[in-house]
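Protein chains in written order, with the working numbering: chain A, 1 to 266; chain B, 267 to 531.
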């Protein structure tokens with residue numbers, strides 16, 4: 001296997017929120033240009049892991065290296081310099097409610113790239129064209145549907161021509177066609193612009209459409225990392241249960257029957 | 267008993283932590299306000315004016331309403347007592363001094379805490395729970411610089427302005443009662459007002475309102491940016507914000523008045 005450049009490295013991170021251990025020793029490497037999908041059940045720590053990678057949450061122990069720099073050791077300026085190199089699509093889009101679609105896209109451009117207003121306008125149009133929403137510049141986020149918000153969020157994430165794009169549940173809550181459109185956009189971006197992508201999702205269709213490599217996260221640990229083929233032919237019963245969506249298996253949804261009886265008559 | 271002590275200890279610790287956090291927010295705000303522009307990271311002028319419009323201009327009606335009726339009420343309440351001393355004319359001085367020193371800044375502060383402080387917390391709180399604050403941060407746009415500083419600056423400018431307006435309107439309220447009900451000569455009323463009213467009275471009131479503005483903006487922003495737990499969290503944060511602002515306004519009013527009182531300013 002050829003030696004690939006590691007762009008993000010997560011080393012042994014632990015994180016506790018209150019009394020709940022969310023992440024317990026996560027190790028993960030993301031290579032330049034690949035699409036890495038982190039999948040796992042709700043509440044397994046996927047989003048928390050993503051937040052560690054973008055530096056909005058600091059780990060209790062362990063470290064995150066992005067382009068070789070330890071994110072915990074960077075000051076505000078260093079972190080900002082790094083942040084200009086990546087874009088994030090949030091779960092709900094996280095568009096600024098008080099600004100129009102265009103202003104949402106302009107915000108980072110105006111601040112970080114000293115460009116002429118005309119050029120910014122053109123760039124906004126180009127990004128909106130990419131997500132199929134040209135002509136919607138003047139609308140407010142409240143006038144958009146959920147899928148449109150997500151697409152505008154995506155346009156905003158790539159507004160600064162980032163090297164890495166993070167997706168937090170890009171297709172959750174969208175109809176199948178829109179989910180397909182978003183997946184295609186993610187694929188296009190990573191193939192055409194050779195952007196490194198990290199996506200967090202539990203939508204299996206989406207996973208097998210976009211992933212180069214897949215990491216399965218369960219109860220704060222990575223169970224398996226592998227290509228689509230490796231994951232499909234997995235021998236790990238938990239991963240198998242997850243991708244097949246079986247209600248029964250090593251991952252138990254229901255607690256034991258005795259517990260239930262005790263709980264009822266208590 | 268142990269539980270009680272634990273609770274008290276917990277509350278004290280939380281309070282101290284919050285005081286430290288708010289102080290840190292103040293330091294950061296001041297940094298972005300004065301140092302930021304020299305590092306080519308100024309605060310957007312548009313967003314400051316937008317906030318000034320919302321906080322100041324759109325609060326005019328309620329402030330005028332409150333001040334006018336406060337002036338009228340003071341005049342009506344004090345007139346009988348002064349009349350029994352045969353000193354009805356002093357209503358003018360009493361209204362002017364009590365308004366400019368105390369009632370106009372405090373009442374305006376409370377009204378604005380209810381109107382603007384709540385709006386700040388609700389808006390920032392909603393931004394926080396819908397990941398918009400996080401989005402700003404990850405776009406390398408500092409939330410303090412983009413959200414807190416414009417609101418802080420707008421409020422410490424607008425609240426003193428509103429207070430001066432409230433002074434004038436309140437005195438006019440007293441004038442209405444004095445002239446039309448107590449039958450004091452209009453010229454005499456105005457003359458007496460200015461005989462009692464000193465620059466110092468107005469200035470201490472304005473200084474107070476400046477502090478109140480900073481308190482309302484800081485508490486509002488702090489509660490907003492620390493909101494957790496969806497719509498319910500926003501509601502709770504807004505309530506906490508208003509209650510805290512009210513308490514701090516009254517407290518700082520007492521402290522400031524004491525300073526003015528004992529230092530003979």
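Don't be surprised by glycine CBs; every beta carbon is placed ideally from N, CA and C.
Report task. Provide the residue span of the beta strand (DSSP E) that contains residue 310/B, from first to last. Result -> Numbered from 1 along the second chain, position 44 holds the residue referred to as residue 310/B. Annotation: residue 310/B is outside any beta strand (DSSP E) and is labelled neither H nor E by DSSP.
Query raised in the report: If you scan the region 13-39 of chain A from start to end, which runs of the beta strand (DSSP E) of 3 or more residues do you find wholly inside it?
Result: 20-31, 35-39
Query raised in the report: Listing by chain order, which chain A residues have their CB less than 8 angstroms from the CB of residue 398/B?
Result: Counting from 1 along the second chain, the entry for residue 398/B is found at position 132. Within chain A, the residues near residue 398/B are 94, 95, 96, 97.
Query - Top-ranked residue by Cα proximity to residue 201/A, from 63/A, 70/A, 179/A, 68/A - result: The count along the first chain starts at 1 and reaches residue 201/A at position 201. Taking only the C-alpha atoms, the option nearest residue 201/A is 179/A.
Query raised in the report: Which residues of chain A have a Cβ atom closer than 7 angstroms to the Cβ of residue 406/B, listed in chain order?
Result: Looking up residue 406/B in the second chain gives position 140. Near residue 406/B (Cβ distances below 7 angstroms), the residues of chain A are 80, 83, 84, 112.
Query raised in the report: What are the boundary residues of the beta strand (DSSP E) that includes residue 225/A?
Result: Numbered from its first residue, the first chain carries residue 225/A at position 225. Here the beta strand (DSSP E) through residue 225/A covers 221-227.
Query - Cα-Cα separation, residue 356/B to residue 440/B - result: Position 90 of the second chain, counting from 1, holds the residue named residue 356/B. Position 174 of the second chain, counting from 1, holds the residue named residue 440/B. One C-alpha to the other measures close to 11 angstroms.
Query raised in the report: Which ranges would you report for the alpha helix (DSSP H) in the region 105-160 of chain A if only whole runs of at least 4 residues count?
Result: 117-130, 146-157
Query raised in the report: Are the C-beta atoms of residue 196/A and some chain B residue less than 8 angstroms apart?
Result: Start at 1 with the first residue of the first chain, and residue 196/A comes out as number 196. No, no contact with chain B.
Report task. List the DSSP bridge partners of residue 87/A. Result -> In the first chain, the residue the question calls residue 87/A occupies position 87. Partner(s): 165/A.
Query raised in the report: Would residue 527/B be called buried (16 or more neighbouring beta carbons within 10 Å of its own) or exposed?
Result: For this step, residue 527/B is matched to residue 261 along the second chain. When all chains shown are included, residue 527/B counts as exposed.
**Report entry** Contact with chain B by residue 108/A, beta-carbon distance below 8 angstroms
**Finding:** Within the first chain, residue 108/A is the residue found at index 108, counting from 1. Judged by the 8 angstroms Cβ criterion, residue 108/A is in contact with chain B.
Query raised in the report: In chain B, which residues lie less than 9 angstroms from residue 35/A when you measure between Cβ atoms?
Result: Position 35 of the first chain holds residue 35/A. Among the residues of chain B, none has a CB under 9 angstroms from the CB of residue 35/A; the nearest is roughly 19 angstroms distant.
**Report entry** Cβ pair count under 8 angstroms reaching 3, the region 446-457 of chain B against the region 372-389 of chain B
**Finding:** These segments do not touch.
**Report entry** Neighbouring residues, chain A, relative to residue 403/B (Cβ below 7 angstroms)
**Finding:** By 1-based counting over the second chain, the position of residue 403/B is 137. Within 7 angstroms Cβ-Cβ: 56.
**Report entry** Minimum Cβ-Cβ distance from residue 90/A to chain B less than 8 angstroms
**Finding:** Within the first chain, the letter at position 90 stands for residue 90/A. Closer than 8 angstroms to some Cβ of chain B, the Cβ of residue 90/A qualifies, so yes.
**Report entry** Segment contact flag, the region 514-529 of chain B with the region 487-505 of chain B, C-beta cutoff 8 angstroms, min 3 pairs
**Finding:** At 8 angstroms Cβ cutoff, the stretches do not touch.
**Report entry** Among 11/A, 136/A, 188/A, the one whose alpha carbon lies nearest that of residue 211/A
**Finding:** For the purposes of this step, residue 211/A is taken as the residue at position 211 of the first chain. Looking at the Cα atoms, 188/A is the closest of the given residues.
Query - Opposing strand residues paired with residue 11/A [DSSP bridges] - result: Locating residue 11/A in the first chain gives position 11, where the first residue counts as 1. According to DSSP, residue 11/A shares a beta bridge with 63/A.
Query - Rounded separation between residue 432/B and residue 458/B - CA only - result: The count along the second chain starts at 1 and reaches residue 432/B at position 166. The count along the second chain starts at 1 and reaches residue 458/B at position 192. Rounded to whole angstroms, residue 432/B to residue 458/B spans 19 angstroms at the Cα level.
Report task. Along the beta strand (DSSP E) that carries residue 215/A, what are the first and last residues, could you check? Result -> Translated into the one-based positions of the first chain, residue 215/A becomes position 215. Note, residue 215/A: beta strand (DSSP E), 213-218.
Query raised in the report: For residue 198/A versus residue 53/A, is the C-beta spacing smaller than 8 angstroms?
Result: As a position in the first chain, residue 198/A is number 198, starting the count at 1. As a position in the first chain, residue 53/A is number 53, starting the count at 1. Contact: yes.
Report task. Out of 105/A, 10/A, 11/A, state which residue places its alpha-carbon closest to the alpha-carbon of residue 405/B. Result -> Your numbering for residue 405/B matches position 139 in the second chain. It is 105/A whose Cα lies nearest to the Cα of residue 405/B.
Requested in this report: Can you have a look at residue 1/A and say buried or exposed, based on whether 16 or more other CB atoms are within 10 angstroms of its CB?
Outcome: Taking the first residue of the first chain as position 1, residue 1/A is located at position 1. Note that residue 1/A scores a pLDDT of 44, beneath 50, so its modelled location is shaky and nothing firm can be said.
Query - Stretch-stretch touch, CB-based, cutoff 8 angstroms, three pairs: the region 107-114 of chain A with the region 211-231 of chain A - result: no
Query raised in the report: In whole angstroms, what is the alpha-carbon distance linking residue 403/B and residue 460/B?
Result: Translated into positions along the second chain, residue 403/B becomes position 137. Translated into positions along the second chain, residue 460/B becomes position 194. If you take the alpha carbons of residue 403/B and residue 460/B, they lie about 53 angstroms apart.
Query raised in the report: Cα-Cα, which of 456/B, 505/B, 422/B is closest to residue 299/B?
Result: On the second chain, residue 299/B is found 33 positions in, with the first residue counted as 1. Nearest of 456/B, 505/B, 422/B to residue 299/B, Cα basis: 422/B.
Report task. Measure the Cβ-Cβ separation of residue 79/A and residue 55/A and say whether it is below 8 angstroms. Result -> Taking the first residue of the first chain as position 1, residue 79/A is located at position 79. Taking the first residue of the first chain as position 1, residue 55/A is located at position 55. Yes; because the gap between Cβ atoms is below 8 angstroms, this pair is in contact.
Report task. Keeping to the same chain, check which residues put their C-beta closer than 7 angstroms to that of residue 62/A; ignore five residues upstream and five downstream. Result -> Counting from one through the first chain, the residue named residue 62/A turns up at place 62. Excluding sequence neighbours, residue 62/A sits near 11, 12, 13, 14.
Requested in this report: Jot down the residue ranges of each uninterrupted beta strand (DSSP E) in the region 480-505 of chain B, minimum 3 residues, whole runs only, in chain order.
Outcome: DSSP runs (the beta strand (DSSP E)) wholly in the region 480-505 of chain B: none.
Requested in this report: Check each candidate in 140/A, 261/A, 86/A and name the one with the smallest Cα separation from residue 161/A.
Outcome: Along the first chain, one-based indexing puts residue 161/A at 161. The candidate whose alpha carbon is nearest that of residue 161/A is 86/A.
Query raised in the report: From what residue to what residue does the beta strand (DSSP E) around residue 201/A run?
Result: On the first chain, residue 201/A is found 201 positions in, with the first residue counted as 1. Element bounds for residue 201/A: 196-201.
Report task. Please state if the CB of residue 378/B and the CB of residue 487/B are separated by a distance shorter than 8 angstroms. Result -> Here the question's residue 487/B lines up with position 221 in the second chain. Here the question's residue 378/B lines up with position 112 in the second chain. Against a cut-off of 8 angstroms, the Cβ pair of residue 378/B and residue 487/B comes out as no contact.
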